[in-house]
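Data first, discussion second: the structure below is written as structure tokens.
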């Protein structure tokens, strides 16, 4: 079950009890899910009825789950940082968890499909995966949080925030609150406000530089590169890694194009959005495979040159762009 479906049912008043397995790569939503389950206990008696166990022994988990709620309808036991031995030892117990207890195993990250405990709980339809939101879901999340906090958020500003911060819901919400305070109550949060308050991520800056260079606008591209390299908040070796990653993406597209794949098929195969796939395909068609390999090798060599004393990373990065574009 996905986290959004679970949270909707929980907010609608669905009953809790028995065993659950929380996982997923969206830590914000996962933690919110745990807090929502704990919130089902009586706040006046929560200290008595909500237990968080870290790296427990199997016997400790079972003892906590078997305890009756203290003058409440539900006891919540959250198990974190458990090891494989604990998980395997509790596989046979999960069907015996009292309905007066919500026993929640929490393991951030991708679902451990081969894990016996996960498989057993998933068979009960009690495994919940909190995955990062994408596309319109992110925009809807921001608009909902803006409405709840009395902030007027332009859709273009929301898109700019997503472009800068990605799918990190915690960062998005904190930034939204900061922007609301910046513009003042009742005023609109615009793209101008976002640009004034939110630093553009390094990946986006590299993408902008590479777009200019790929398009053949070498003068503006090199000017933007110099500004980026001279930014004290940036690291030339880290930037070189991002440049190499950009070229590797074009190389992957080049390989699929040579196999006769369409841009739509390429986007699906590589898990890319349509626009980046189109851009990468256009770049790939302008250069041979050998040229792209030489370009990527030059960016990879930036760190090596620095560590071997063959040249400063900043100079090697600038030279790589100068020679290959």
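In this note's numbering, the protein residues as written are 119 to 443.
Even glycine gets a Cβ: it sits at the ideal position worked out from N, Cα and C.
Since this is a predicted model, take the numbers as computed values, not measurements.
Taking the continuous beta strand (DSSP E) assigned at residue i, which residues delimit it?
i, result
"residue 454", "The requested residue 454 is not part of the displayed model; the chain covers only 119 to 443."
"residue 288", "Segment 287-301 is the alpha helix (DSSP H) holding residue 288; no beta strand (DSSP E) there."
"residue 169", "168-172"
"residue 398", "Not the beta strand (DSSP E): residue 398 falls in the alpha helix (DSSP H), residues 392-403."
"residue 232", "Counting along the chain, residue 232 falls outside any beta strand (DSSP E), and DSSP gives it neither H nor E."
"residue 339", "Where residue 339 is concerned, there is no enclosing beta strand (DSSP E), although the alpha helix (DSSP H) it sits in stretches over 336-347."
"residue 245", "245-247"
"residue 188", "Element bounds for residue 188: n/a, residue is neither H nor E."
"residue 193", "193-198"
Distance, Cα to Cα, residue i vs residue j?
i, j, result
"residue 349", "residue 357", "11 Å"
"residue 205", "residue 235", "6 Å"
"residue 230", "residue 254", "28 Å"
"residue 401", "residue 332", "6 Å"
"residue 207", "residue 176", "6 Å"
"residue 261", "residue 386", "28 Å"
"residue 390", "residue 169", "42 Å"
"residue 295", "residue 256", "16 Å"
"residue 347", "residue 384", "32 Å"
"residue 160", "residue 145", "25 Å"
"residue 334", "residue 245", "50 Å"
"residue 187", "residue 199", "24 Å"
"residue 377", "residue 209", "46 Å"
"residue 397", "residue 372", "12 Å"
"residue 434", "residue 428", "9 Å"
"residue 259", "residue 121", "14 Å"
"residue 311", "residue 318", "13 Å"
"residue 224", "residue 201", "11 Å"
"residue 403", "residue 437", "23 Å"
"residue 165", "residue 185", "14 Å"
"residue 395", "residue 339", "21 Å"
"residue 388", "residue 281", "20 Å"
"residue 277", "residue 156", "33 Å"
"residue 303", "residue 270", "9 Å"
"residue 219", "residue 123", "21 Å"
Our contact map puts residue i next to residue j with C-beta atoms below 8 Å; I'd like the distance itself, whole angstroms only.
i, j, result
"residue 154", "residue 125", "7 Å"
"residue 148", "residue 248", "4 Å"
"residue 287", "residue 279", "Actually they are not in contact, since the Cβ atoms of residue 287 and residue 279 sit about 11 Å apart, beyond 8 Å."
"residue 163", "residue 195", "Contact flag wrong, Cβ pair sits at about 15 Å."
"residue 416", "residue 441", "7 Å"
"residue 399", "residue 375", "6 Å"
"residue 192", "residue 233", "Their Cβ separation, rounded to whole angstroms, is 26 Å, which puts residue 192 and residue 233 out of contact at 8 Å."
"residue 342", "residue 326", "6 Å"
Should residue i be labelled buried (16 or more other beta-carbon atoms within 10 Å of its own) or exposed?
i, result
"residue 139", "buried"
"residue 362", "buried"
"residue 432", "buried"
"residue 268", "exposed"
"residue 283", "buried"
"residue 298", "buried"
"residue 306", "exposed"
"residue 367", "buried"
"residue 314", "exposed"
"residue 142", "buried"
"residue 252", "exposed"
"residue 337", "exposed"
"residue 410", "buried"
"residue 323", "buried"
"residue 238", "buried"
"residue 183", "buried"
"residue 419", "buried"
"residue 424", "buried"
"residue 151", "buried"
"residue 242", "exposed"
The alpha helix (DSSP H) spanning residue i covers which residue range?
i, result
"residue 384", "381-388"
"residue 211", "Taken as a continuous stretch (DSSP letters only), residue 211 belongs to no alpha helix (DSSP H), as it is neither H nor E."
"residue 367", "354-376"
"residue 259", "254-266"
"residue 140", "Where residue 140 is concerned, there is no enclosing alpha helix (DSSP H), although the beta strand (DSSP E) it sits in stretches over 136-142."
"residue 443", "Segment: none, residue 443 is in no alpha helix (DSSP H) and carries neither H nor E."
"residue 414", "407-425"
"residue 313", "309-315"
Give every residue of the same chain whose Cβ lies closer than 8 Å to the Cβ of residue i, excluding the five residues on either side of it in the sequence, and list them in chain order.
i, result
"residue 321", "360"
"residue 178", "171"
Give me, in chain order, the residues of the same chain whose beta-carbon lies closer than 7 Å to that of residue i; leave out the 5 immediate sequence neighbours on both sides.
i, result
"residue 308", "272, 275"
"residue 263", "291, 294"
"residue 300", "311, 315"
"residue 180", "211"
"residue 407", "372"
"residue 414", "362, 365, 366, 369"
Could you pull out every residue in the same chain whose Cβ sits closer than 6 Å to the Cβ of residue i, ignoring the five residues on either side in sequence?
i, result
"residue 364", "328"
"residue 421", "355"
Just to confirm, does residue i get its C-beta within under 6 Å of one of the non-hydrogen atoms of the ligand MN?
i, result
"residue 186", "What this structure holds is no ligand at all, so the ligand MN is not there to describe."
Is there a Cβ from chain B that is less than 7 Å from the Cβ of residue i?
i, result
"residue 319", "The chain labelled as chain B is not found in the depicted structure, where only one protein chain is given."
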